[in-house]
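**Q** Each residue of the sequence shown is one higher than the last, beginning at 1 in the numbering used here. C-beta: ideal position from N, C-alpha, C; glycine also. Please read all numbers here as calculations on a predicted model, not as lab measurements. Questions regarding the structure given below will be posed in turn.
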Amino acid sequence: MAFDAEKGKLFLSPILKWYGDDWSAAGGYLPWLARRVQEPALQAAIEAAARGDVPVAYFAYDWSLNSQAPAVGASVAAPAKSAEFGSGSIPNE
1 MAFDAEKGKL FLSPILKWYG DDWSAAGGYL PWLARRVQEP ALQAAIEAAA RGDVPVAYFA
61 YDWSLNSQAP AVGASVAAPA KSAEFGSGSI PNE
């Protein structure tokens, strides 16, 4: 989350928008966030956005965060075997 004071815009994760109904009991995700943010300027921006005084934009979601593949350039070591039977997540691995 970030507030761009020059543009006067609050930037949030799109997950908040996609799952916004999950914060209904808390009055919405903006008031919920405002109660948890420690930085006064960011908290004020969130409160202003909740009132409709500051526009909210959403970052592009990085779908690679969901990938199980190793990062490009990362080395992957084979897991060490410690026993002969049932030592891994797959039986007899």
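Which word fits E93, buried or exposed, when buried means at least 16 other C-beta atoms lie within 10 angstroms of its C-beta?
**A** Caution applies to E93, whose pLDDT of 48 falls short of 50 and renders its modelled position unreliable; the model cannot decide the point.
**Q** In whole angstroms, what is the alpha-carbon distance linking A50 and Q68?
**A** Using only the alpha carbons, I get a separation of about 36 Å.
**Q** May I ask you to report which of helix, strand or coil DSSP gives D4?
**A** Three-state DSSP puts D4 in a strand.
**Q** Could you tell me the distance, in whole angstroms, from the CA atom of P14 to the CA atom of E6?
**A** Cα to Cα, the separation comes out at about 21 Å.
**Q** Please report the distance separating the alpha-carbon of L30 from that of L65.
**A** L30 and L65: Cα-Cα distance of roughly 24 Å.
**Q** Helix or strand or just coil, what does DSSP make of A60?
**A** Three-state result, A60: coil.
**Q** CA-CA distance, G20 and L10?
**A** Answer to the nearest angstrom: the Cα atoms are 16 Å apart.
**Q** Just list the residues that DSSP pairs K9 with in beta bridges.
**A** According to DSSP, which records beta bridges pairwise, K9 is partnered with D4.
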